[in-house]
Amino acid sequence: MGAPREADGSVGAVTPQDMQFDEPLPLVSGAVMPSYSIRYETYGTLNAERSNAVLVCHALNASHHVAGWYEDDPKDIGWWDNLIGPGKPVDTDRFFVIGINNLGGCHGSTGPASINPATGKPWGADFPVVTVDDWVQVHARLADRLGIRQFAAVVGGSLGAMQSLQWTLRFPDRVRNSLVIAAAPKLSAQNIAFNEVARQAITTDPDFHGGNYYAHGVVPRRGLRIARMLGHITYLSDDAMAEKFGRELREGEFKFGFDVEFEIESYLRYQGDKFSTYFDANTYLRITKALDYFDPAMAHGGNLAAALAGAKARFLVISFTSDWRFSPGRSREIVKALLDNGHDVSYAEIDAPHGHDAFLMDDPRYHGVVRAYMNNIAT
Amino acid sequence: MSIPGNGNGNGLPMRSDFDAIAQWVRPGSRVLDLGCGDGSLLRSLKQTRNVTGYGVDISDDNVLACVTNGVNVIQSDLEAGLSGFESGSFDYVILSQTLQAMKHTERLLREILRVGREGIVSFPNFGYWHARLQVLGGTMPVSRDLPYQWYDTPNIHLFTIEDFEIFCRGHRLRILDRVVLTAGRRVTFAPNLLGALAVYRLDQAHGAAAVGA
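Structural data, given as structure tokens:
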């Protein structure tokens, strides 16, 4: 089929699973999810002591499909396949790895497009706003069902890293190691501003219908496109964009019009179009809100060190020099708060040109550090 | 991006200062090792003195080596200061064979004694007779301990035991202990002439009079 085989370090063909939860879940917002289903994938084997489980948390637009590929769609390779697999930095020959689609998502877990049992119609605008802490509660419930009392590690990049950090606060006894990659301890005003523009693009799309577009048989595609285009700009560094696109013109000359001329325009439009065909607008709104709200220090008067005092995990924090969305300075805030508590932490600042997206790239220095760290925690 | 000398690559015999440092470090204390290299000092202090702490290094290779060795390491540029560390948060801040390669000598020593209650500093003694002889002979010192030519050395501040002690007096640094070594052996007679490597334990002198050695 031409798909990567196990010999290439791939976990091979994988099958997503669903877990149904009928115990109501109280959310941070005060709302309650009466029941919900969570889609996840697992790779590797849970050992007899159930001590080798690793949870991978996804960021804005990713999913439970972290590694491997699907039998019926071999090109659909997991989003962190370069990091996770047999012999890879997160070695599935040693670890039992779980990928999970968060509550409110649009890749198979219960989300705004799912049927609200109370009405028999899609949740739409009524789907509650979920937070990083809500997600972590759901992760823990899935872990309970899988018989995992404590994770060897919780791993995440960007928004996924926020979940990894939150894990150590919410369930300090249930996570031995936290890998916090390309993270921030909370969003800056600028970060929130970008999210707000993305949300405005969606909610002002005439096809949004107050979030109940499912009933109208439409999708706020224009809004999603713009949201994605904007997001993409923030994921790349100026240098990476210059390197990849520069001022290249598709047809070599100015057309003095408003159709696609520069390669970067073409790229953004392509990314936006693609995204708008598969991503749910209501999910996008909620995930950006979860980002905006994340601020573990808030309950401690803004003191991040106080917020992290109760954590018991060991930490590996990694940032990338060209990431301006969550710059190395943001990771250093986390490191400083961990140091202030005397917690075990290592911090690597990877000199990588790719911007925020560097955490998804196969950089030997970055992957080398993850590999070395994971080697030491394998049981 | 690696600054030579900000790790353990200064060419002195592999850490002959470790024993002296280990003897001074109280069991169970908190240690920050600046320019920690592959983390071997911290690892040995962890094993023999049950210390907790962190290494700091700028080099990718050294950060990887520390993580491999299971030593906490913070990738950071010492020349930028120690702003990521709270005042008084460590019992000892160690700067082993790195001071001579640093640009901001005064600031770094001030930072060491801000963050640590005590500082432990070691450096190659350019007053060692062998170095003096070479300078007298008309060339810069090169030896097994200092294997660099003038044009490729990471060592940008060349100083002697005498220089350092004058510096300490002038900057209100109190010398609590000193060990001078040559080829791993202690030197007590004419250390500035016969010693290749000096190791100091310092703190911030309080009160009006700065105390010398």
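In order, the protein sequence lines correspond to chains E and S. The working numbering numbers the first residue of the first sequence as 145 and each following residue consecutively. The working numbering numbers the first residue of the second sequence as 194 and each following residue consecutively. We put the CB at the ideal spot given by N, CA and C, even for glycine.
> According to the Cβ coordinates, are residue 553 of chain E and residue 241 of chain E closer than 9 angstroms?
Replying inline: The structure shown does not extend to residue 553 of chain E, since chain E spans only 145 to 523, so no value can be given for it.
> At least one CB of chain S closer than 9 angstroms to the CB of residue 289 of chain E: is that the case?
Replying inline: no
>> Whole angstroms are fine: how far does the CA of residue 505 of chain E sit from the CA of residue 225 of chain E?
In response: 10 angstroms
> Any contact of the stretch 413 to 433 of chain E with the stretch 187 to 199 of chain E, i.e. 3+ C-beta pairs under 8 angstroms?
Replying inline: no
> Which runs of the alpha helix (DSSP H), 4 residues or longer, sit entirely within the stretch 244 to 327 of chain E?
Replying inline: 276 to 289, 303 to 314
> Whose CA, out of E:358, E:360, E:318, E:372, lies closest to the CA of residue 340 of chain E?
Replying inline: E:372
> Applying the criterion that 16 or more other CB atoms from any shown protein chain within 10 Å of the CB defines a buried residue, is residue 220 of chain E buried or exposed?
Replying inline: exposed
>> Using the Cβ count rule (16 or more neighbours within 10 Å means buried), how would you classify residue 524 of chain E?
In response: Past the boundaries of the shown model lies residue 524 of chain E; chain E is included only from 145 to 523, so the question cannot be answered.
> For residue 223 of chain S, which residues in chain E fall below 9 angstroms Cβ to Cβ?
Replying inline: 486
> So, using beta-carbon positions, are residue 290 of chain S and residue 226 of chain S closer together than 9 angstroms?
Replying inline: no
> On the three-state DSSP scale, how would you describe residue 518 of chain E?
Replying inline: helix
> Since residue 331 of chain E and residue 467 of chain E are thought to touch, with beta carbons under 8 angstroms apart, how far apart are those beta carbons, to the nearest angstrom?
Replying inline: That pair is no contact at about 14 angstroms.
> At a CB-CB cut-off below 7 angstroms, which residues of chain S make contact with residue 516 of chain E?
Replying inline: 257, 260, 261
>> Looking at the secondary structure, which residues open and close the beta strand (DSSP E) in which residue 223 of chain S lies?
In response: 223 to 227
>> Residues of chain E with CB closer than 7 angstroms to the CB of residue 268 of chain S, please, in chain order.
In response: 491, 492, 493
>> What does the alpha-carbon distance come out to for the pair residue 491 of chain E and residue 440 of chain E?
In response: 20 angstroms
> For residue 454 of chain E, does the count of other Cβ atoms within 10 angstroms reach 16, so buried, or fall short, so exposed?
Replying inline: exposed
> What first and last residue would you give for the alpha helix (DSSP H) that runs through residue 479 of chain E?
Replying inline: 472 to 484
>> According to DSSP, simplified to helix, strand and coil, what is residue 375 of chain S?
In response: strand
> From E:290, E:180, E:173, E:450, pick the residue whose C-alpha is nearest to that of residue 252 of chain E; which is it?
Replying inline: E:180
> Using Cβ-Cβ distances below 8 angstroms, what residues of the stretch 225 to 255 of chain S are close to chain E?
Replying inline: 245, 247, 253
>> I believe residue 364 of chain E touches residue 351 of chain E by the beta-carbon criterion, under 8 angstroms. Please report the beta-carbon distance rounded to the nearest angstrom.
In response: 4 angstroms
> Using a C-beta cutoff of 9 angstroms, does residue 114 of chain E count as contacting chain S?
Replying inline: Examination of residue 114 of chain E is not possible in this model, given that chain E is present from 145 through 523 alone.
> Are three or more beta carbon pairs between the stretch 265 to 285 of chain E and the stretch 344 to 360 of chain E nearer than 8 angstroms?
Replying inline: yes
> Thinking C-beta only, is residue 302 of chain E closer than 9 angstroms to residue 448 of chain E?
Replying inline: no
> For residue 280 of chain S and chain E, any beta-carbon pair shorter than 9 angstroms?
Replying inline: no
> Alpha carbon to alpha carbon, what distance is there between residue 469 of chain E and residue 333 of chain E?
Replying inline: 11 angstroms
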